[in-house]
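Pasting the structure below:
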């Protein structure tokens, strides 16, 4: 069963800018939230150093990571849930709560794992 999450803001979002869908989605979020709530880091850039955050680059590439102001990492579906809680409208916080329900959480995790496994096949 997923835990309720309460991220501390601002959030640092680590995303793969070399994934076209990932980059578009993060651009969408960036356009709707202030920099005081979210900081976006493209992990595909050559100057990205995962060791700065105590992780391996492969860990970041394997799933979306969100680091909150309190130093807590959220990964995969929980990263999206944390990100959605920072959004200013009502839909995304609702989506964060919905995907926290036990059955929905399980389906979201399975769906996300499938996406991560096959995302490299997306057209550029």
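Numbering (this note's numbering), first residue to last: 54 to 177.
The beta-carbon is built from N, C-alpha and C at its ideal position, and this holds for glycine as well.
Since the model is a prediction, treat every value here as computed from it, not as a measurement.
Contact under 8 Å by Cβ, residue i with residue j
| i | j | result |
| --- | --- | --- |
| residue 235 | residue 164 | This structure cannot speak to residue 235, because the chain is shown only from 54 to 177. |
| residue 113 | residue 104 | no |
| residue 127 | residue 90 | no |
| residue 65 | residue 130 | no |
Separation of residue j from residue i, as counted between CA atoms
| i | j | result |
| --- | --- | --- |
| residue 75 | residue 157 | 22 Å |
| residue 88 | residue 109 | 26 Å |
| residue 60 | residue 121 | 6 Å |
| residue 94 | residue 79 | 10 Å |
| residue 172 | residue 162 | 15 Å |
| residue 57 | residue 132 | 12 Å |
| residue 100 | residue 72 | 17 Å |
| residue 115 | residue 98 | 16 Å |
| residue 124 | residue 148 | 24 Å |
| residue 67 | residue 142 | 22 Å |
| residue 84 | residue 96 | 19 Å |
| residue 136 | residue 69 | 15 Å |
| residue 86 | residue 168 | 25 Å |
| residue 166 | residue 111 | 15 Å |
Sheet register partners of residue i (DSSP bridge)
| i | result |
| --- | --- |
| residue 95 | 68 |
| residue 120 | 65 and 126 |
Cβ neighbour criterion (16 or more within 10 Å) applied to residue i
| i | result |
| --- | --- |
| residue 138 | buried |
| residue 92 | exposed |
| residue 117 | buried |
Restricting to runs no shorter than 4 residues, where is the alpha helix (DSSP H) found entirely within the region 122–152?
Runs of the alpha helix (DSSP H) inside the region 122–152: 130–138 and 144–151.
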